Every structure is written in C-alpha cells, then in structure tokens.
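Asker: I'd like to ask you about the structure that follows.
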Amino acid sequence: MKIRLSRLRPAFGIAVAVVVMACFITLPSYTAKAQGQGISLIRDTEAERVLRAKLDPILLAAGLVPQDVQLHLVNDPSINAFVAEGQHMFLNTGLLMALDTPNQITGVMAHETGHMAHGDLVRASAGIRAATIPLLLSMAAGIAAIIAGAGEAGQAILMAGQQVAERTFLAYSRTVEANADQAGIRFLTATHQSGMGMLQVFKRFEDQEILSSQRIDPYAQTHPVSADRIAALQDQVDASPYRDVKDSPETIYAFDMMRAKLRGYIQRPEVTLRQYPVSDAGKPARYARAMAYFRAPDMQKALGEIESLLVDEPENPYFLEMYGQIKVEMGKVEEGIVPYRHAVEILPDAPLIRVALGAALLGTEKPQYTNEATQDLQIALAQDHEDWLGWYELAQAYSRLGQQGKAELATAESYFIEDAYPQAAQFAYRAQRTLPQGSTDWQRATDIFSISQTQQKAQKGGR
C-alpha cells in the first residue's frame with residue numbers, strides 16, 4: 001500500500017525510484033505544504049475522530065504515543081495509504097470509499113502502523129544504499145566501455161546494472177511490506193480485533209492482479225504478491241481468538257456517517273444525489289444529501305436535511321457544526337453562532353470546530369463578540385498549533401482589539417506554517433518592532449524571523 005515505483009521504471013529506473021523515495025520520506029505534514037506537493041488534504045473533526053478511535057489503540061499496542069502520530073486524509077480517489085517520516089499516516093479518501101467494513105480500514109491502519117513501529121522509513125536508506133552500489137559499479141564500467149569505443153557493450157552494462165539495482169531495492173521493499181503485515185496482525189490481536197479485514201483487503205488486490213495480468217512478475221513489485229501475503233497471514237489470523245469478532249453496530253454507524261459525509265463533500269452533487277436519492281430516509285443518506293446540497297449550493301435544502309437529522313440527534317456535535325456552517329453561508333451569522341457554541345460545549349477539545357466558531361463570531365463584525373472570538377481561537381491554537389486558518393482569524397481578532405504586535409505575530413505564524421518564508425519573515429520583523437523586547441511573543445517572532453531567513457537562503461542555494 002505504498003507508492004508503486006513500477007510506473008516510473010521505463011524512464012529512469014532505480015535512479016528515479018531513489019528520488020521518489022527521498023521525496024516520500026520528507027513529505028510535509030500540513031495541509032498547505034502538502035498542497036504545494038500536489039497533495040490535497042481534508043480536515044474534518046468527525047472523520048478524524050472516527051478513524052482515531054480505531055487507530056489509537058493500535059498505536060499503543062505498537063508502543064507508539066498516539067499524540068505523536070498525525071493522521072491525514074488525502075483527497076485522492078486512488079486506493080492507497082502510506083506513512084511519512086515524523087510519524088505521519090496518510091489515508092486516501094479513495095481507500096475509505098472503496099473498502100466495505102470498518103475492520104478492513106482498521107486492517108490497513110494496522111499495516112501502516114507496522115511500518116512506523118519498525119522505523120521502516122528511517123531504515124529505507126539501507127535498502128537504497130544496497131540498491132545503489134550495483135548501479136554505481138555498472139555506471140563506472142559502462143562509461144569506461146563507452147569511452148573505450150564499445151558503445152553497445154557499455155549501454156548493455158548500464159542497463160544490466162540498473163536492473164540489478166532496481167530488483168535489489170524491490171526485494172528489500174517486499175521484505176519490509178511482509179514484516180508490516182505480520183506486525184499489523186499482532187497489533188490487531190493485541191487490541192482484540194480481527195485480522196480478517198486485512199486479509200479481505202489483500203484478497204481484493206489479488207483479484208485486481210488476476211484481472212490486470214495473467215503473467216505478473218513477483219520480483220518487479222514493491223509489495224509481496226497478494227497470494228503470498230494471504231498465505232503468510234492466514235494461519236496467524238486463524239490462530240487469533242478474535243478471528244470472528246465483528247464490528248459493533250456503533251462502529252458501523254459511525255463509519256457509514258463519516259463516509260456519507262465525505263462522499264457529499266468530495267463528489268459532484270449530482271453523483272451524490274444519485275447515490276443517496278431522496279427516497280432514502282436513512283441518516284447516512286440525509287447526511288450525504290445535506291453536504292451535496294451545501295456544495296451545490298442549495299442552502300435551503302441543505303438546511304432541511306440537517307434539521308431533520310438534529311430532530312433525531314439534537315446533541316450530535318457534527319450535525320450542530322454543519323448547521324452552524326449552513327447558517328453562516330446563508331448570511332445568518334448570529335444564528336450560526338448558537339449551534340457552533342453548542343458543538344464546542346459538547347466537544348471542547350475539537351479545535352477545528354472552535355476555529356469555525358471564532359470565525360463566525362468575527363464574521364458578525366460586532367465588537368461585543370471580539371473578546372469571545374479571541375479566547376476561542378487561542379484555545380483552539382493551543383490544541384492545534386498548525387492550523388493556519390486559526391492564526392489568520394486570530395490576527396484579525398488581535399487587530400480589532402488594537403494589539404498590533406500580536407496581530408503581526410499571528411500573521412507571521414500563518415505564513416510560517418505554509419512555508420511562505422518571505423512573508424513570514426516580513427511580519428515577524430514587524431512584530432519584533434512592536435512587541436515588548438524579551439517577552440515570549442517577541443522571542444517567538446525572533447525565532448520565526450531567524451528560521452525564515454535561513455530557509456530562504458537554503459532555497460536560493462538549492463536553485
């Protein structure tokens with residue numbers, strides 16, 4: 001379930017594979033940075049919490065600290081999941097939409113946790129080094145042959161070295177993947193969960209392999225052939241006393257609601273409305289339609305769907321959050337503040353919802369709400385320091401309060417998170433000139449300015 005390097009082989013072989021791996025290892029973690037790398041991330045409190053409810057026990061079983069592991073949703077239709085250095089796990093929305101049960105998704109997260117627990121990304125350099133040695137040797141021999149006038153022989157030596165190097169790297173990768181499989185099953189067993197979901201995912205991939213090619217080279221893949229993975233894991237799954245444990249109705253409902261919401265957000269509204277027709281009165285269907293109407297936009301219909309859900313679950317913080325958002329988009333900002341506040345009362349540790357509340361309070365443009373907005377934004381950023389929108393809104397709040405130094409610093413923070421170093425340095429410098437010298441805020445502005453200056457120089461030097 002990692003990046004497939006085979007698509008790049010005809011062009012540059014293992015040389016490109018090494019470059020891709022290097023980029024993969026250093027993949028940024030924040031939304032703005034990831035978008036700069038061509039990756040679009042989705043932030044949603046409900047989706048993140050539903051997934052973390054299953055992921056965090058697995059992380060603990062693996063000896064990892066859940067708070068240190070960041071989970072990211074990638075807005076990508078392909079069926080994929082991967083990890084990046086710094087304990088970041090990425091799940092494609094295509095994966096969440098394609099799999100059938102929560103246990104299957106949990107199995108994927110357990111596999112990726114296996115990579116983290118083994119430090120596979122850190123150790124990947126060993127596999128790259130092992131693959132590079134034959135490449136470098138063949139390059140030296142091939143170039144020497146070409147210089148000596150044996151052009152065709154030199155080209156053959158270069159190609160042979162490339163093939164040996166690539167297969168060396170892929171063999172290393174298959175071993176790593178197999179180890180992650182075994183570790184994932186152990187973590188699932190330790191948390192009293194079935195490993196059947198992971199096996200079902202591999203069986204699905206096996207079917208795809210059969211459909212795509214009858215003559216597949218098992219040594220030209222980064223992952224073990226699915227049939228081999230199934231055979232290796234079947235005994236381990238069967239031996240688990242939790243083999244036949246099923247997802248609870250509560251878990252299934254939470255996942256169904258999460259996926260309906262994501263479909264409504266990601267897909268074109270007409271696609272969602274065909275998938276969840278008005279004849280379907282189920283909660284997931286109404287939730288998906290509410291989001292589809294919101295995106296259309298048809299706010300009145302979106303409001304009707306979410307109000308019907310709130311009749312059934314008046315204390316659901318995610319329904320309240322969406323209700324507030326719809327009201328704000330309709331221009332009824334003060335009416336939207338009420339459900340936002342209620343959602344924050346229910347989930348006081350949900351920074352995304354609190355930032356939305358702060359933004360709504362500021363959106364009224366009424367001075368009596370500025371202090372409340374400032375407090376909510378400060379709390380949210382203490383919980384999630386890397387929310388650039390939170391910093392942007394906090395800068396507006398400080399500016400309205402006449403705290404210009406803090407406003408400049410908050411703006412610098414928002415740019416710094418996005419790796420916009422020239423702008424971050426500019427606003428940090430302006431904050432330094434206004435804030436009391438030696439204060440905590442002044443020191444933070446100094447740090448941002450210094451780091452941004454260093455990063456700008458490094459970027460110029462790398463060109």
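With the numbering used here, letter number 215 in the sequence shown gets 215, and the count goes up by one each step, no holes. Even glycine gets a Cβ: it sits at the ideal position worked out from N, Cα and C. All values derive from a computational prediction rather than experimental measurement.
#1: Over the uninterrupted alpha helix (DSSP H) stretch that includes N92, give me the two end residues.
#2: What residues are listed by DSSP as bridge partners for V83?
#3: Could you pull the start and end residues of the beta strand (DSSP E) that Q70 belongs to?
#4: Tell me whether V64 sits in a helix, a strand or coil according to DSSP, three-state version.
#5: Go to H115, then tell me how far its alpha helix (DSSP H) extends in each direction, as first and last residue.
#6: CB-CB under 8 Å to T370, same chain, minus the five flanking residues each way: which ones, in chain order?
#7: Go ahead and pull the three-state DSSP assignment for I326.
#8: Should S240 go down as buried or exposed, given a rule of 16 or more other Cβ atoms within 10 Å for buried?
#9: Excluding sequence positions up to five away, which residues of its chain have a Cβ less than 8 Å from the Cβ of R341?
#10: Taking the alpha-carbon positions, what's the K332 to T364 distance?
#11: From P249, Q193, A227 and T106, pick the residue whose C-alpha is nearest to that of E206; which is it?
#12: Rounded to whole angstroms, how far is the Cβ of P422 from the Cβ of Q456, which I believe are closer than 8 Å?
#13: Straight-line CA distance for A98 to F449?
#14: Within the same chain, show all residues whose beta-carbon is closer than 6 Å to that of R444, passing over the 5 residues directly before and after it, in chain order.
#15: Counting C-beta neighbours from all protein chains within 10 Å, is the total for K460 16 or more, i.e. buried, or is it exposed?
#16: To the nearest angstrom, how far is the alpha carbon of Q104 from that of Y287?
#17: My parser needs the alpha helix (DSSP H) runs of 4 or more residues fully inside the stretch 335 to 375; what are they?
#18: Measure the alpha-carbon distance for S40 versus P249 and round it to whole angstroms.
#19: Note down, in chain order, each residue of its chain lying with its Cβ closer than 6 Å to the Cβ of P77, except the 5 sequence neighbours on either side.
#20: Look up L41 in the DSSP assignment and give the residues it is bridged to.
#21: Specify the secondary structure class of L59 as computed by DSSP and reduced to three states.
#22: With a CB to CB cut of under 8 Å and the five nearest residues on each side skipped, what residues in its chain are close to R243?
#23: Are Q453 and A425 close, meaning C-beta to C-beta below 7 Å?
#24: Determine, for T191, whether the minimum Cβ-Cβ distance to residues of chain C falls below 7 Å.
#25: With T272 as the anchor, note down where its alpha helix (DSSP H) starts and where it stops.
#26: Which stretch, first to last residue, makes up the alpha helix (DSSP H) that contains D312?
#27: I'd like to check one pair, L352 with P317: are the Cβ atoms closer than 7 Å?
#28: In chain order, what residues of the same chain have a beta carbon less than 6 Å from the beta carbon of L409, not counting five sequence neighbours either side?
#29: Spatial neighbours of A302 within its chain, please: C-beta separation below 6 Å, excluding the five flanking residues on both sides.
#30: With a Cβ-Cβ cutoff of 7 Å, do Q87 and D68 count as a contact?
#31: Would D447 be called buried (16 or more neighbouring beta carbons within 10 Å of its own) or exposed?
#32: To the nearest whole angstrom, what separates the beta carbons of E48 and L71, a pair I think is in contact under 8 Å?
#33: Taking DSSP as the reference, what is the three-state secondary structure of G390?
#34: Could you tell me the boundaries of the alpha helix (DSSP H) in which T468 lies?
#35: Would you mind working out which of S414, V311, K54 and I42 sits nearest F255, comparing C-alpha positions?
#36: Specify, as a first and last residue, the run of the alpha helix (DSSP H) that L284 falls within.
Answerer: Looking at the atomic coordinates:
#1: Careful: N92 lies outside any alpha helix (DSSP H), inside the beta strand (DSSP E) at H88 to N92.
#2: M89
#3: Q70 to V74
#4: Per the sequence shown, residue 64 should be read as Leu rather than Val. Coil, per DSSP.
#5: P102 to H118
#6: L361, L362, A397, R400 and L401
#7: helix
#8: buried
#9: L357
#10: 9 Å
#11: A227
#12: 6 Å
#13: 45 Å
#14: none
#15: exposed
#16: 23 Å
#17: 351 to 363
#18: 31 Å
#19: G94
#20: V74
#21: helix
#22: S194, G195, M196 and V237
#23: yes
#24: Chain labels in this structure do not include chain C; a single protein chain is all it has.
#25: P269 to Q275
#26: M299 to D312
#27: no
#28: A431, D441 and A445
#29: A290, Y293, F294 and I326
#30: yes
#31: exposed
#32: 6 Å
#33: helix
#34: With the chain covering only 1 through 463, there is no way to say anything about residue 468.
#35: K54
#36: The sequence shown places Pro at residue 284, not Leu. Element bounds for P284: K283 to R295.
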